[in-house]
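Residue numbers (the working numbering): 867 to 1285.
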Ligand SMILES: Cc1cc2nc3c(=O)[nH]c(=O)nc-3n(C[C@H](O)[C@H](O)[C@H](O)COP(=O)(O)OP(=O)(O)OC[C@H]3O[C@@H](n4cnc5c(N)ncnc54)[C@H](O)[C@@H]3O)c2cc1C
């Protein structure tokens, strides 16, 4: 295949796109603004050597684009099921724990249901899976009486958006996927996102001859006759030949900065992580929390990580001390001891963790007349902004056929930068 693929953004979407173009034999270059790959999926190593993911990332077995990508890069075997028998859930108010089935089908058994979940709620859940008019998730479950204990945690876990504004249409997409047999197995990286996804992806790209330019922030792109003809980086400019393609695998705010004429999502939600330097089990465990600040506690060999989604209004003050009792409860729930005092912790808040998935928001990447430009990223599809959406968009972008322009539109003054 002729023509280079210029992929801007080395997050999961960009890596998946690059994998496709490199395997197809295109000369592939990934330009990443940061000194490391992964974007919102990365392992953080502090100056003190304490290392953890930017936030605990989980996949479900119905995320077939993501698992297919992991398999292709040789990393699927490094993703483990921490709770194959059901998710331990702790009520932070009472300290009581129960084991909840991960598949909604398992909730036919009353002993495997979320607390307070009744048979009638199964019918409501099935109805929420139907492709009906978009409404707030809270309104879909208004008659359930489970607002605080099930509906809001569900909307926050799946859509990173509070249930009063979260889109039932987006939730429906996920519920329909979850209805497939074997769809609800939950997986997390055994060691972390860096060693179990990003580094294998980088190695796979290297094997297929792709090049990665780090610290390469795209400042502007030049368009002539409806084709991208030049990419401007801090280090210089890269000419885009008539037969080349450009994939912008960037978050929407970056697309809007580069191409302000395009309409992109403008509302975001944060995710806060509190990471305690603390010895845990040899194999990772995951505990769900209700009635507290945290939603998840991941217990790993050298770290306990708390996830607080839809955290835009969260007060950061004393956060580690406030969530520590929930980490204690999670540890006790899986048979680990826990001291009264909180150990050292690092708080990391991703302000634009995902777009907000509100009712009525348009779905899809913006339309552009630029012929050799394709978008990728977690924000353009019908699924919530997740690894699955990012990989699916990246692979689709990488497979797009771009027709070479008939005549060269390359301005004569352009120079190819050395990278
Ligand atoms: C704390 C947290 C927890 C999460 N938990 C889950 C989870 O459990 N399961 C799940 O599936 N998803 C989860 N997500 C969402 C998931 O991380 C994202 O959906 C996914 O990483 C998005 O990938 P992306 O490639 O679309 O975007 P990004 O990761 O944002 O990648 C964009 C890349 O482009 C680079 N870039 C930006 N501007 C430029 C520029 N001008 N020039 C060059 N490069 C540029 C960035 O540095 C970045 O590397 C979570 C996210 C966060 C933050």
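Yeah, the Cβ is synthetic: ideal placement off N, Cα and C, and Gly gets one too.
Strand pairing of residue i, partner residues [DSSP]
i: residue 877; result: 904
i: residue 1134; result: 1221
i: residue 1140; result: 1172, 1213
i: residue 924; result: In DSSP, residue 924 forms no bridge with anything.
i: residue 865; result: The structure shown does not extend to residue 865, since the chain is modelled only from 867 to 1285, so the question has no answer here.
i: residue 1178; result: Note: residue 1178 sits in no beta bridge, so no partner.
i: residue 963; result: 956
i: residue 1002; result: 1033
i: residue 1156; result: 957
i: residue 939; result: For residue 939, which the question treats as bridged, DSSP gives no partner whatsoever.
i: residue 909; result: 919
i: residue 872; result: 895, 1112
i: residue 1239; result: 1112
8 Å contact criterion, which residue i and residue j should meet: CB distance rounded
i: residue 1044; j: residue 1025; result: With a Cβ gap of about 14 Å, residue 1044 and residue 1025 do not count as contacting.
i: residue 1060; j: residue 904; result: 7 Å
i: residue 906; j: residue 877; result: 6 Å
i: residue 980; j: residue 1016; result: 5 Å
i: residue 879; j: residue 1256; result: 4 Å
i: residue 908; j: residue 1064; result: 6 Å
i: residue 939; j: residue 1076; result: Contact doesn't hold; Cβ gap of about 12 Å is too wide.
Candidates the options: closest to residue i by CA position
i: residue 956; options: 969, 1154, 1070, 869; result: 1154
i: residue 947; options: 964, 1048, 906, 1016; result: 1048
i: residue 1191; options: 1046, 1142, 977, 1181; result: 1142
i: residue 1091; options: 995, 1238, 894, 896; result: 1238
i: residue 1046; options: 1088, 1080, 995; result: 995
i: residue 953; options: 910, 1029, 1056, 1200; result: 1200
i: residue 1229; options: 1149, 1214, 1259; result: 1259
i: residue 1039; options: 993, 1053, 1008; result: 993
i: residue 1248; options: 1223, 1234, 1266; result: 1223
i: residue 1185; options: 1139, 890, 1234; result: 1139
i: residue 1002; options: 989, 920, 1193, 1227; result: 1227
i: residue 1254; options: 916, 868, 1203, 926; result: 926
i: residue 895; options: 1106, 1119, 982, 1054; result: 1106
i: residue 1132; options: 1219, 1265, 921; result: 1219
i: residue 1085; options: 1093, 1120, 1062; result: 1120
i: residue 1012; options: 1032, 997, 986; result: 986
i: residue 1178; options: 909, 1171, 920, 1221; result: 1221
i: residue 1211; options: 1193, 1066, 1225, 937; result: 1193
i: residue 1243; options: 1225, 1233, 1234, 1263; result: 1263
i: residue 1029; options: 1176, 1050, 1137; result: 1176
Pairwise C-alpha distance: residue j and residue i
i: residue 884; j: residue 959; result: 47 Å
i: residue 1163; j: residue 1173; result: 7 Å
i: residue 1123; j: residue 1236; result: 16 Å
i: residue 1252; j: residue 1195; result: 28 Å
i: residue 975; j: residue 984; result: 10 Å
i: residue 1283; j: residue 951; result: Note on residue 1283: pLDDT 31, under 50, position unreliable in the model; the coordinate value appears next. For residue 1283 and residue 951, the distance between alpha carbons rounds to 54 Å.
i: residue 872; j: residue 1072; result: 15 Å
i: residue 1109; j: residue 1095; result: 10 Å
i: residue 1068; j: residue 1112; result: 19 Å
i: residue 1183; j: residue 1241; result: 38 Å
i: residue 1078; j: residue 931; result: 23 Å
i: residue 1100; j: residue 1081; result: 9 Å
i: residue 887; j: residue 911; result: 31 Å
i: residue 1209; j: residue 1160; result: 17 Å
i: residue 1216; j: residue 915; result: 21 Å
i: residue 1265; j: residue 934; result: 15 Å
i: residue 1074; j: residue 1087; result: 27 Å
i: residue 1171; j: residue 936; result: 23 Å
i: residue 1151; j: residue 1117; result: 31 Å
i: residue 882; j: residue 1261; result: 5 Å
i: residue 1023; j: residue 922; result: 12 Å
i: residue 891; j: residue 868; result: 8 Å
Residue i CB to nearest heavy atom of ligand 3 below 6 Å
i: residue 907; result: The model on display carries ligand 1 but not ligand 3.
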